[in-house]
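These notes are about the structure you will find just below.
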Amino acid sequence: MLKCIAISTPGAQFSALAMKANFRDSIKRVAELGYDAVELHIRDPLSVDADEIRNLLSHYHLPVPTIGTGQAYGEEGLSFADPDPEIRQKTVQRIKDQMDLASALGIPRVTIGLIRGTVKAGEDKGRAEDHVIECMVKCLDHNPAITLIVEPLNRYETSLYNDTASAKDVIDRIGRPNLKMLVDTFHMNIEEPDIIESILRVKDYISHVHFADSNRWPPGCGHIHFKKIVSTLRKIKYRGAIAAEVLPKPTPEECLRLTIEYYRKLGL
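Numbering of the sequence shown is given in the working numbering, commencing with residue 291 and proceeding in unit increments.
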C-alpha cells in the first residue's frame, strides 16, 4: 500500500488538507519526507498548469491516486443534487474537466465527495438522489477509463450517502464498472457501527482509502485503531494508496512528519 497525503492548490477553504501552499513546494516536501504518492485537491482544473504538474510529479516520482473535487461545492456551490438544472450542468462539466485533467496526467480516479451536494431545505430526498445519479452517469459516460469514487461522508456534512451501505446501494443502482468507493476512517468512525465489518462488507467496491483520526488530526493522534484497519485492508488484498486527508495540526510541517512516522509504525 502506498503512503500518501492530500495537498491542495493555494487558498483552499476546506480545512482537512495538510498543505495549501503552491504545488511546487508541497510536492517537493511530500517527496522529501518519503511519501510514495500524493493526492491532489483542485477546485478548478482549468486554472492549473497541467504541464507543470506533470513535470513536478515526474521529477519527484510521485503517482497521484485521485483528484479531490469538493472545493467546488464549498467555494462555488456546485453540486449534483442542486434543484437548479443550470448548477447541475455546471457541476457535470466541472467533473468532466477534472476527468480530462486526470486523463492528461495519468491519474486513474476522480473523487465524488462533497461535490454531490446535499438535500436542500424543502426539497425531496428521492428527487435529489435522482439528480445525483443522472449527473454521475453523464460523467461516467464521459470517459469510462477514469474511475469515479463515491466517498461516504458523515451526516454533519451531507444528507446523501453517509455510510458504506448507502454508497454501495447507489453504486449497485448505477451499475457501471468505473464507479467505485472511497472509504475514509474519520467519516466511518462517526457513521459505521463497526469499521472493520464495514470494510469487509464492501471490500469489492473499495478503490481508495483516506486515513484521518477521530479528531481529524493525523493518524495516531486520536482513538481509531489503525493497526486493525491496516490488517483488514491486507486481508482483503487492498493494494492501493492510503491517503491522509487531515487537519494541518499541530502545524502543516508537523502534520506531514507525524503522518509519515505513523505510517512507518504501521509497517506501510
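Even for Gly, the Cβ is constructed at its ideal location relative to N, Cα and C.
None of these values were measured; they are calculated from a predicted model.
**Report entry** Whole alpha helix (DSSP H) elements within the segment 359 to 410, 4-residue minimum
**Finding:** For the segment 359 to 410, whole alpha helix (DSSP H) runs of length 4 or above, ordered along the chain, are 361 to 366 and 375 to 395.
Query raised in the report: On the three-pair Cβ rule with 8 Å, is the segment 534 to 551 touching the segment 317 to 327?
Result: They touch, by the three-pair rule.
Report task. State the DSSP-derived secondary structure class of Leu472, mapped to helix, strand or coil. Result -> It is a strand residue.
Query raised in the report: Is it true that the CB of Ile402 sits closer than 8 Å to the CB of Leu368?
Result: With respect to Ile402, Leu368 sits apart: the two C-beta atoms are not nearer than 8 Å.
**Report entry** Residue environment, Gly530, which counts as buried when at least 16 other CB atoms sit within 10 Å
**Finding:** With a 10 Å radius around the Cβ and a threshold of 16 neighbouring Cβ atoms, Gly530 comes out buried.
**Report entry** Extent of the continuous beta strand (DSSP E) to which Ser497 belongs
**Finding:** Per DSSP, the unbroken beta strand (DSSP E) holding Ser497 starts and ends at Ile496 to Phe501.
Query raised in the report: Counting pairs of Cβ atoms below 8 Å between the segment 475 to 484 and the segment 440 to 457, do you hit three or more?
Result: The answer is yes - the segment 440 to 457 touches the segment 475 to 484, with three or more Cβ pairs under 8 Å.
Requested in this report: Mind reading off the beta-carbon distance from Tyr553 to Lys293? Whole number of angstroms is fine, and I expect it under 8 Å.
Outcome: For a cut-off of 8 Å, the C-beta gap from Tyr553 to Lys293 is around 4 Å, short enough to register as a contact.
Query raised in the report: Hey, Leu352 and Ala327: beta-carbon distance below 8 Å or not?
Result: Yes.
Query - Leu346 beta carbon less than 8 Å from that of Phe313 - result: Going by C-beta atoms, Phe313 is nearer than 8 Å to Leu346.
**Report entry** Candidates Gly510, Asp474 and Lys470: closest to Asp494 by CA position
**Finding:** Of the listed residues, the one whose Cα sits closest to Asp494 is Lys470.
Query raised in the report: Is it buried or exposed for Arg333, if we count other Cβ within 10 angstroms and need 16 for buried?
Result: Buried, by the Cβ-count rule.
Requested in this report: Go through its chain and collect everything with a Cβ distance to Val338's Cβ below 7 Å, but skip five positions before and after it.
Outcome: The beta carbon of Val338 lies closer than 7 Å to those of Thr299 and Ile332 in the same chain, with the five residues before and after it left out.
Query raised in the report: Within this structure, are the beta carbons of Ile357 and Ala392 separated by less than 8 Å?
Result: Yes, the pair counts as a contact, with Cβ atoms nearer than the cut-off.
Query - Neighbourhood of Glu413 by C-beta, 7 Å cutoff - its chain only, sequence neighbours within 5 removed - result: Closer than 7 Å at the Cβ level, and outside the excluded window around Glu413, lie Pro373.
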